[in-house]
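Structure record follows, encoded as structure tokens.
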Amino acid sequence: MFDWQAVYVIWLRDMTRFRRDRSQILVSSIRPITWLFFMGYGLSPSFKSSTGSGGYTQFVLPGIVMMAVLFTAIQSAIGIIWDREFGFLKEMLVAPISRTSIVVGKAIGGMTLSVIQGTIVLLMAPLFHLHISAFGWVVSFLIMAATSFGLSSLGITIASRMRSFEGFGAIMNFIVMPLFLLSGALFPLKGLPMWLYGLVRLNPLTYGVDLLRGSLLGLNQFPSALSWSVLLIFSLVMIAAAVWQFNQTES
Amino acid sequence: MAMIDVEQLQRNFGSLAAVNGISFSVEAGSIFGFLGPNGAGKTTTVKMLCTLLRPSGGQARVNDFDVVRQRDDVRRSIGVTFQDASLDDQLTAVENLRFHAMIYKVPRADRERRMAEALALVDLSDRAGSIVRTFSGGMKRRLELARSLMHRPAVLFLDEPTLGLDPQTRRRIWEFLQGLRRQHGLTLFLTTHYMEEAEACDRIAIIDHGAIIVSDTPVRLKERMGNDRVQLETDAPEALIEELRSRTPVTASHQGSIVSLSVPHGDQFVAQCLPQLRTPLRSLQVRKPTLEDVFVDLTGRAIRDEEAEATDAMQTFFRRKR
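The listed protein sequences derive, respectively, from chains D and R. In this text, residue positions in the first sequence follow numbering that gives the first Met the number 0: the first is 0, and each later residue adds one. In this text, residue positions in the second sequence follow numbering that gives the first Met the number 0: the first is 0, and each later residue adds one.
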């Protein structure tokens, strides 16, 4: 029997905090939007041939959406370290709810925020002459949700292991940036050196980027069924890891 | 009935036994105090009783539920106020209470009423909608207390409930806690290193280095010490001790210029003995034995040594920074 009410309450708290701190959403939108404009227009002239008819700006848009999703998912999961630091984690741990429902609530919270953040970037699409149909929006939401659930769970797994913020820089440098750079968000996969191509294929984010690019531009490299399967398996493995790791937590 | 029953409870951190096979029980409806210096194992014990830490050995039952095997039943039975704040300080007072009510499954129909009650109980009704970050340390503590009572626990755990608070707030919180016990028959388990708080308990256990040294009522513990304390301040402590010994068979020792005596009836002793003394005195003090004396007698040191003071100051400092 799974305690959905507890999951809902944990999720609701993250949403309340998010609504409270609305300036945060602007601040976190600045990074992907600057990337979008400067990378897009800056590199456009160099990528004439392999990025489709819409040019590099259109090509990179789904990548940057996924970047926003990735950063938000990890950042919100890292909130667990804050909760530990400021004591609120104890309020949750001493309550008559399972550790599993705390983790699932947190993962769904991270997923929700990621989808919101990704959507803000996606709203820039018309500026690059990319028009998204109603169906396109629905599929995009699903892709962002499927990708960010696993990423949030990954973040929770890491945060459950960490006792302080000292390791935060290491996480950004050794996990978040490689995930982003090796996802094909910024470059097409055709003609990559084998070692790089191998790494990109191992990265679950690659499949989220590819699905979104396929849905928006029709430029996917992998069959959708494969990508969806990878995202599903990634989500299941990561949420299991997060639950297991968080259950080791003693306060 | 015993609300808390602990047998041979043990918790090791590596090779260190933070709690070393302690046993005690707490009567329902009583106030039980854990008295000991920092690092004695008080918080570790509370965390085990609250299901936050797994015992390395032994058994503990709270409200007749096992703290390892029936964790959720224990959690439903207890309210906890931790040593460090455990509020979400980006949320308002009401939002913190609502989170608690929902996660403890307080029926929706009761929720708003209990939240209002809780706030009124600790005089925070007018700050219901304020963000907790803007609260003082005392207000936060009061809010936490109110929150820990919302799901009507059978026993309330308070880990250093008044640490780092000013005397006025401390007194208020105490009056509040004693009122709860009187009106609702709530069992209180608290840890402290303030002697005056320990005095107010029905029963206390003195804990040091992870072991309970003694457990009894404060009155009986003090009676055990028997004699009154007489302290005489003089410029010539050794001469004074010499002179006292020549008159009455008395045990005396001195620290600097203070000579301390332990005598059955301090006031009579002073009245009879003093007029005859030839060594000049600067001041004198007669007092009944305190729990501090009990503690010093049993452990050989004062409870609030310098180290404890430093830790306190640090905690207060960090709390303020947040």
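Backbone N, C-alpha and C fix where the C-beta goes; we use that ideal spot for every residue, glycine too.
Asked	Found
Endpoints, alpha helix (DSSP H) assigned at Q167 of chain R	P166 to H183
Close Cβ partners of Q220 of chain D (< 7 Å) along its chain, the five nearest in sequence each way excluded	L188 and D209
Short CB-CB distance (under 9 Å) between K41 of chain R and chain D	no
Through-space distance from L34 of chain R to Y193 of chain R, alpha-carbon basis	8 Å
Any C-beta of chain R under 9 Å from that of A5 of chain D	yes
V18 of chain R at chain D interface by Cβ criterion, 9 Å	no
Contacts that T50 of chain R makes with chain D (C-beta to C-beta distance below 9 Å)	L92 and V93
Continuous alpha helix (DSSP H) assignments of at least 4 residues falling wholly in the region 126-181 of chain D	133-160, 167-170 and 176-180
Cβ-based burial, F164 of chain D [other Cβ within 10 Å; buried from 16]	exposed
Local Cβ density within 10 Å of K89 of chain D, reported as buried at 16 or more and exposed below that	buried
Continuous alpha helix (DSSP H) assignments of at least 4 residues falling wholly in the region 209-262 of chain R	217-224 and 236-246
Minimum Cβ-Cβ distance from F87 of chain D to chain R less than 9 Å	yes
Per-residue DSSP class, three states only, for T298 of chain R	helix
S147 of chain D classed as buried or exposed, judged by whether at least 16 other C-beta atoms fall within 10 angstroms	buried
Three-state secondary structure assigned by DSSP to N19 of chain R	strand
Rounded Cβ spacing between V138 of chain D and L51 of chain R (contact assumed at less than 8 Å)	Going by Cβ atoms, the distance from V138 of chain D to L51 of chain R rounds to 44 Å, so no, they are not a contact pair.
Proximal chain R residues relative to I96 of chain D, where beta-carbon distance stays under 7 Å	I102
Contact belief for A1 of chain R with I206 of chain R at Cβ below 8 Å, rounded distance in angstroms	Rounded, the Cβ-Cβ distance is 19 Å, inconsistent with contact.
Length of the line joining the Cα atoms of R246 of chain R and Q275 of chain R	10 Å
Three-way DSSP call (helix, strand, coil) for D4 of chain R in this model	strand
R60 of chain R - containing beta strand (DSSP E), residue span	G56 to V61
Closest residue to I121 of chain R among R:L290, R:R170 and R:T191 (Cα-Cα distance)	A small fix is needed here, since residue 121 of chain R is Val in this sequence, not Ile. Closest option to V121 of chain R, Cα to Cα, is R:R170.
Beta-carbon proximity of A239 of chain D to A158 of chain D, cut-off 9 Å	no
Rounded distance between the beta-carbons of P217 of chain R and L290 of chain R, thought under 8 Å	6 Å
Within 9 Å, strictly: CB atoms of T186 of chain R and F12 of chain R	no
Local Cβ density within 10 Å of R319 of chain R, reported as buried at 16 or more and exposed below that	Summary for R319 of chain R: the model assigns pLDDT 46, below 50, so the residue's position carries little reliability, and this model does not support an answer.
Under 8 Å by beta carbon: chain D residues contacting R75 of chain R	P95
Given L231 of chain R as reference, the closest of R:L243, R:A197, R:G225 and R:S282 once Cα atoms are compared	R:S282
Chain-order list of residues whose beta-carbon lies under 7 Å from that of V105 of chain R (same chain, five-residue window excluded)	R113, M149 and H150
Extent of the continuous beta strand (DSSP E) run through A92 of chain R	Note, A92 of chain R: premise wrong, no beta strand (DSSP E); alpha helix (DSSP H) at A92 to I102.
Test: R30 of chain D CB closer than 9 Å to a CB of chain R	no
Environment of Q74 of chain D [buried if 16+ CB atoms lie within 10 Å]	buried
Selection of the region 15-46 of chain D by Cβ proximity to chain R, strictly under 8 Å	T15, R16, R19 and D20
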